[in-house]
Amino acid sequence: MAVAEMVDIGAMIVSTPGTVGGKPRIDGTRLRVSDIALRWQAGNSPEDIVDRIFTHISLAQVHAALAFYLVNREAIDREILESELAYEEGAGESLRSGGGAPWLTDDVRVRMIGEHEARAALLRQRLG
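Numbers 606 to 733, taken from the numbering used here, label the letters of the sequence shown in order.
(1) Does the stretch 691–710 come within contact of the stretch 647–662, defined as at least 3 CB pairs closer than 8 Å?
(2) So what does DSSP say about V713, is it helix, strand or coil?
(3) Distance, Cα to Cα, L700 vs R729?
(4) At which residues does the alpha helix (DSSP H) containing A672 begin and terminate?
(5) Measuring CB to CB, does D682 end up less than 9 Å from A647?
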C-alpha cells in the first residue's frame, strides 16, 4: 500500500513581493488570508467559504488561511483596517473630484464625502 505524501501546511500560505501587495495569500492564487478572515469574521463557516464564496479553493486551503490568521491576528487585522482606510479615502477623493453616479446632487455628494471622511477618521484612530 502506497503512503500518501505529506503536505507542509506552512507552504500553503505565501507572501510574494509584487503579488497582491506582498500580503499573505493562498499559494497558487491571488486570494489573501485577509479575504478569508473577513468572510469568517462575518460568520461564514469554512465550508460556506468553499461552497458558496470561493469555490476554486479547497477546505484545507481555507483552514490553512484561518490557522495563519489566528496566529497572526494582530497583523492581519491591521491589514484589513488599512485596506478599509484606503477604500474610504479613495471613495471620498473620487467624489471630491467629480466621480460617482451622474445623478448625485451636490448636497448628496457633500453628505457622502462627509460619511467617507468620518469612517476614515475612525479607522485612523483604530490604527493608532
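We put the CB at the ideal spot given by N, CA and C, even for glycine.
The answer reads as follows:
(1) At 8 Å Cβ cutoff, the stretches do not touch.
(2) Counted from its first residue, the sequence shown places residue 713 at position 108. The answer is helix: DSSP assigns V713 an H, G or I state.
(3) Counted from its first residue, the sequence shown places residue 700 at position 95. Counted from its first residue, the sequence shown places residue 729 at position 124. Rounded to the nearest angstrom, the two C-alpha atoms are 20 Å apart.
(4) On the sequence shown, position 67 is the one that residue 672 refers to. The continuous alpha helix (DSSP H) containing A672 extends over residues 664–676.
(5) To locate residue 682, count along the sequence shown from 1; it is residue 77. To locate residue 647, count along the sequence shown from 1; it is residue 42. Against a cut-off of 9 Å, the Cβ pair of A647 and D682 comes out as no contact.
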